[in-house]
Amino acid sequence: MTDKLPLLSEDEIRQRLERDLPHWFYENGWIRRKYRTEGWKGTLMVVNAVGHLAEAAWHHPDLTVSYAFVIVKLTTHSSKGVTERDFALARKIEEVIQWQPGREGGVLEGTPNDDQRFRYIKYD
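The working numbering puts the first residue of the sequence shown at 1, with every later residue one more than the last.
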């Protein structure tokens, strides 16, 4: 997308992060979040999930990838700052990465977090 969206003020960004995305931070014109993983397998799972969501949304984050973490940074390049588009994608990323079906009940039981062989994300 090449349409230029209105920029959000720093105060509005900080208030919305505190209210809606408490694990995200505002820094140098980006909103960012560090996802900690249990190792390379979990890191790749996070990268692939974020990649899918970003591509589907036609919005492209900057990623820092290491053995046991992924840093996701969002800004709207066409607007040269943080917009509603960044918040929408951040909420979707947060929803998917932090999803723990075992806590919801139902037939999707989730991975056993008490067994190191199956843990891949360090949930908040």
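Yeah, the Cβ is synthetic: ideal placement off N, Cα and C, and Gly gets one too.
These numbers come from a predicted model, not from an experiment.
Residue i, DSSP secondary structure in three states
i, result
"Gly81", "strand"
"Lys41", "helix"
"Glu27", "strand"
"Val46", "helix"
Neighbour-count burial assignment, residue i, 16 or more Cβ in a 10 Å radius
i, result
"Val107", "exposed"
"Trp40", "exposed"
"Thr128", "Because the chain spans 1 through 124 in this model, residue 128 falls outside it and cannot be assessed."
"Val72", "buried"
"Phe118", "exposed"
"Trp24", "buried"
"Tyr67", "exposed"
"Ala88", "exposed"
"Val96", "exposed"
"His125", "Lying before the first or after the last residue shown, residue 125 is absent from the chain, which here runs from 1 to 124."
"Pro112", "exposed"
"Met1", "In this predicted model, Met1 has a pLDDT of only 47, less than 50, meaning its place in the structure is not dependable enough to derive any value."
"Pro6", "exposed"
Chain-order list of residues whose beta-carbon lies under 7 Å from that of residue i (same chain, five-residue window excluded)
i, result
"Gly102", "Glu109 and Gly110"
Own chain, CB closer than 8 Å to residue i, minus 5 neighbours either side, in chain order
i, result
"Lys4", "Ser78 and Ser79"
"Leu53", "Leu89, Lys92, Ile93 and Val96"
Separation of residue j from residue i, as counted between CA atoms
i, j, result
"Asp86", "Ile31", "8 Å"
"Lys22", "Arg33", "The question names Lys, but residue 22 is Pro in the sequence shown. In a straight line, the C-alpha of Pro22 is about 10 Å away from that of Arg33."
"Tyr123", "Arg36", "8 Å"
"Val50", "Ile93", "6 Å"
"Leu8", "Glu55", "23 Å"
"Thr75", "Asp11", "16 Å"
Neighbourhood of residue i by C-beta distance below 6 Å, restricted to the same chain and skipping five residues each side
i, result
"Ile13", "Tyr26 and Val82"
Legend entry - Inter-stretch contact (C-beta, 8 Å, three-pair minimum) for the region 8 to 24 and the region 40 to 56: no
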